[in-house]
Structures are given as C-alpha cells and as structure tokens.
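Take a look at the structure below.
Residue numbers (my numbering): 1 to 119.
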C-alpha cells in the first residue's frame, strides 16, 4: 500500500524542498538596503491616507458566509453528478433532501433580509 503513495509523497517532499530552497535563496541572495522610504507602509505605491482599520458592515460577512456555503454545495453536487449512475434512486433522494435543506436555508436568509444590502 505504501508503494502506491510513494510517488505522491516524493512529489510533496520535492515541492517542499524546492519552496524552502527558493525562500533561502531569496533571503541570502537578495539585496539588503533598507531605507526609511522602503520601510513606510503604502497603498499601491501611494502614501496611505486615513485610518488603517475601517469598520465593515456585518452584511459583508453574511454575504461571504452565504457564498462559501453555496460554493461548497456545488462541490457536493458535482461529486453526486459524477457518481449518479452508481448511487441509483437512493442517491437521488439524498441529493433532493440536500437541496431541500439548502433551499430552506436560502428562504430563511431571504426572509430575515440577510441578502438585502441597503438595510
């Protein structure tokens, strides 16, 4: 069993060694001339203006969480579609129950106003 995973483990080990090698090479071979201008924080090459910490609306985080939930749903539905023939009717019922739960969650979000940005 270990023989089947040996190439994968070798690839991960080699990738790890290459990444560490690049980090070390850039650290030791890169220029080291810090100056006050280089040490200043900047925004896209311009001096920063205003406060560095802005208050974000909770709606932004609700939208982000909703996106992640429905994005993960797509992954599960893709896997279900790949194995559709082997799952049979039971798989179809499970997928329908999964979609029904997500639809209930979406309706709940809509009724609570979580997707209305103006409020």
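Even glycine gets a Cβ: it sits at the ideal position worked out from N, Cα and C. None of these values were measured; they are calculated from a predicted model.
In this structure, residue 66 and residue 109 form a Cβ contact; the two beta carbons are roughly 6 Å apart against a cut-off of 8 Å.
Excluding five sequence positions before and after residue 5, none of the CB atoms of its chain fall closer than 6 Å to its own CB. A distance of 7 Å or more separates the beta carbons of residue 114 and residue 79. Note that the C-beta distance between residue 102 and residue 73 is below 7 Å.
For residue 91, the secondary structure class from DSSP, reduced to helix, strand or coil, is helix.
The Cβ-Cβ distance between residue 32 and residue 117 does not fall below 7 Å. Cβ-Cβ distances below 8 Å link residue 82 to nothing in the same chain once the five nearest sequence neighbours on each side are left out.
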